[in-house]
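Working notes, structure below.
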Amino acid sequence: MDDPPNEAWIELVRRTAALARLEVSDEEARTLGPQFAAILEHFRTLATLDLGRAEPMTAATRLFDVRRADEPRASQPRDTLLSNAPRRAEGFFSVPKTIGGPE
Amino acid sequence: MSAAYARLDATALRASILAGERTCARTVAECLAGIDERDGELAAFLSVERDWARERAARLDARLAAGERPGALFGVPVALKANMCTEGIETSCASRILAGWRAPYTATFVQRLLDAGAIVVGVTNMDEFAMGSSSENSCAGPTRNPWDVARTPGGSSSGSAVAVAARMVPLALGSDTGGSVRQPAAMCGVFGFKPTYGRVSRYGLIAFGSSLDQVSPLARSVRDLELVTEVISGHDERDSTSLAEPPIEREHPAAPGSLSGFRVGVPREHFPHDLEPGVRACCEAALARLEAIGAELVPLSLPHTPFAIPTYYVVATAEASSNLARYDGVLFGLRAEGDGTLPGMMAATRAAGFGPEVKRRILLGTYVLSAGYYDEWYGRALKARGLMRDDFERAFEQVDVIAGPTSPTVAFRLGERVDDPLAMYLADALTVPVSLAGVPGISMPCGCALPADGGAGELPVGLQLVGPARSDARLLRIAAAFEAASEDLRREPPPGSAR
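What follows is the structure, given as structure tokens:
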């Protein structure tokens with residue numbers, strides 16, 4: 011938890027935005043950088059907490075085991091699920107070409 | 045608005061219909077007239093489903109005439125927050141990315157409302173994806189507080205709280221992730237109840253923080269909260285986190301006028317030195333009232349309370365960044381073309397569709413989960429969350445409930461905190477510990493106070509009562525005893541066009 015200068019915060023916002031598949035403009039990054047710094051500075055109090063014997067709380071209720079028989083069930087009809095899609099073609103979701111691109 | 049309609053809570057309204065004093069059709073007409081009268085100014089609703097509500101009322105009247113047994117919410121108009129799925133109704137989460145999206149299925153809790161005879165009259169405004177404490181993060185603009193239209197109603201279930209406070213509906217559902225029902229209930233002077241995590245199925249509630257989200261009702265009386273919670277709670281195999289227990293059954297009679305033998309814990313951390321003086325005075329008066337009806341007040345400590353805000357905002361943003369990954373322009377909602385590649389389309393869609401606060405939380409959540417930072421942020425927050433639950437469990441070895449303010453301030457002015465996200469987060473300091481621990485909490489009106497910012501009119505203050513996990517029925521019973529003993533502390537908001 012080092013204290014990067016402002017430019018470093020802006021760069022951190024840009025790197026995180028790439029991970030989050032979120033386009034941020036230069037202006038947004040310049041606003042978000044100092045906000046990130048202020049918020050994380052406040053959150054840094056967590057580092058002062060003695061967590062020696064603490065167990066991570068990974069569920070909101072004391073754990074119970076939830077199982078059911080692994081059986082196929084009817085789902086929504088294809089047309090219903092496709093009806094909200096921004097693009098569809100021949101009964102499928104349509105997206106830009108994914109082969110041969112940068113990723 | 046019909047004065048008679050505005051006076052009745054859901055229980056009394058249903059009784060009035062069954063006594064033949066009014067029909068469902070007339071009830072819906074009165075409700076829609078109230079919305080027409082008030083909502084231009086308050087903006088509680090994103091959409092009003094007039095035809096849907098009128099048709100349903102006519103069908104219910106016919107079924108009653110045919111001798112059908114009326115359900116627990118027969119004829120009661122209900123408003124739903126815009127993150128709740130009802131087949132065929134627009135469910136936008138007040139976000140551009142879901143504008144126009146119509147749910148292809150109905151949430152379990154909505155179906156249970158409908159099965160009980162409730163009439164859904166509209167969808168209410170909220171902070172986008174339930175992220176916010178003021179309604180100012182809605183893509184449709186803010187909802188206004190009926191006590192002072194220059195102020196926030198709180199959030200994120202802003203429209204649901206205002207619809208109940210301004211007497212447009214007797215009952216509304218919100219969702220509470222870190223206080224999103226309790227805080228607006230406090231700021232609008234109504235009752236808001238977050239049940240134990242898992243008590244109400246989340247199937248059909250659009251996810252924000254899945255380990256925290258809980259469907260939570262708002263009403264004008266504790267008995268209405270009991271009534272609706274009984275209807276919507278209970279196991280649902282479509283939500284694997286829903287508790288495998290039968291619905292809450294009401295404990296009758298609610299201790300009439302007495303809390304003799306009950307112990308009420310008062311955590312010193314919930315009365316911090318910077319608590320707004322008016323909030324402190326009202327809550328101290330409310331504690332005295334609890335004592336006057338027989339409760340024993342027990343000072344205690346929840347030592348990890350000061351760590352609740354960072355813990356909550358690490359856990360909730362981490363979960364949000366994961367849950368909101370599904371809005372990528374492929375399956376539903378908005379699509380922006382970007383540079384024409386698949387990743388470019390996704391990044392451009394998300395940039396165009398999400399508002400500033402949602403982007404901020406996705407980025408914070410992505411950061412605390414990213415390689416190299418996970419252990420020091422998310423890992424630590426999960427451990428701190430466990431310590432907070434331990435705080436509550438230790439306290440509940442000594443006391444039946446814990447009492448304190450719901451919000452550290454009364455309603456603040458719209459615009460006051462929009463440029464300072466951290467200040468907005470700090471408003472949740474007293475509600476998020478309850479959410480992190482997964483225990484039930486209720487906010488109840490306990491008087492009005494002048495704001496510390498120089499405002500001239502008195503504004504409502506909320507008292508939060510918190511109980512152990514799965515003690516929902518008992519907590520509501522204690523709340524009902526306070527409600528009965530504090531009638532003189534409650535006031536009505538001004539009738540309209542205030543200040």
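Going line by line, the protein sequences match chains A and B. FYI, in the working numbering the residues of the first sequence are 11 to 113. FYI, in the working numbering the residues of the second sequence are 45 to 543. Ideal Cβ positions, reconstructed from N, Cα and C, are used throughout, including at glycine.
Note: Phe89/B is bridge-paired with Thr168/B in the DSSP secondary-structure output. Look at Cys490/B here: in three-state DSSP terms it is strand. Sequence-distant partners of Ile276/B (beyond 5 residues in either direction) whose C-beta falls short of 6 Å from its own C-beta, in its chain, are Phe153, Arg156, Val244. Excluding its 5 nearest sequence neighbours in each direction, Ala50/B has C-beta neighbours in its own chain below 8 Å: Gly78, Arg211, listed in chain order.
For Leu474/B, there is no enclosing beta strand (DSSP E), as DSSP marks it with neither H nor E. Contact of Pro148/B with chain A is assigned, a C-beta pair being separated by under 8 Å. Taking a beta-carbon distance threshold of 8 Å, Val374/B counts as an interface residue toward chain A. Annotation: Gly236/B to Gly459/B spans about 25 Å, alpha carbon to alpha carbon.
Given a length threshold of 4 residues, each whole run of the alpha helix (DSSP H) inside the segment 92-168 of chain B is given here in chain order: 94-109, 152-159. Residues of chain B with a Cβ closer than 8 Å to the Cβ of Ile49/A are, in chain order, Tyr357, Leu408, Pro465, Leu466, Tyr469. Residue burial is scored here from C-beta neighbours: Lys107/A has fewer than 16 other C-beta atoms within 10 angstroms and is therefore classed as exposed. Our two residues, Ser224/B and Glu100/A, have alpha carbons roughly 42 Å apart in a direct line.
A distance below 6 Å between beta-carbons, with the five flanking residues on each side excluded, links Ala230/B to the following residues of its chain, in chain order: Thr450, Ser451, Ser487, Gly506. With fewer than 16 other Cβ atoms inside 10 Å of its own Cβ, His317/B counts as exposed. Within the same chain, and ignoring the five residues on either side of Gly338/B in sequence, the residues whose Cβ sits closer than 8 Å to its Cβ are Ser302, Leu303, Ser304, Gly305, Phe306.
Within the segment 21-47 of chain A, the residues whose Cβ lies closer than 9 Å to any Cβ of chain B are, in chain order, Leu22, Val23, Arg25, Thr26, Ala27, Ala28, Leu29, Ala30, Arg31, Leu32, Glu33, Val34, Ser35, Glu38, Thr41, Leu42, Gln45, Phe46. Contact between Ser219/B and Gly199/B does not hold, since their C-beta atoms are separated by about 11 Å, which reaches or exceeds 8 Å. Rounded to whole angstroms, Ala64/A and Gly430/B show a C-alpha spacing of 7 Å.
In the DSSP annotation of this structure, the continuous segment of the alpha helix (DSSP H) that includes Ser202/B starts and ends at 202-209. Going by beta carbons, Thr187/B and Leu104/B fall outside the 8 Å limit.
Within chain B, the C-beta atoms nearer than 7 Å to that of Arg78/A come from Glu281, in chain order. Looking at the backbone, the Cα of Glu33/A and that of Phe46/A are separated by about 17 Å. The way I'd put it, the segment 277-288 of chain B does touch the segment 243-258 of chain B; three or more beta-carbon pairs between them come closer than 8 Å. When DSSP states are grouped into helix, strand and coil, Ser366/B belongs to the helix group. Residues of the segment 386-409 of chain B with a C-beta less than 9 Å from any C-beta of chain A: Leu386, Pro387, Gly388, Met389, Met390, Ala391, Ala392, Thr393, Arg394, Ala395, Ala396, Phe398, Pro400, Lys403, Arg404, Ile406, Leu407, Leu408, Gly409, listed in chain order. Counting only the Cα atoms, Trp19/A lies some 40 Å from Arg98/A. Residue burial annotation: Ala47/B is exposed, with fewer than 16 other C-beta atoms found within 10 angstroms of its C-beta.
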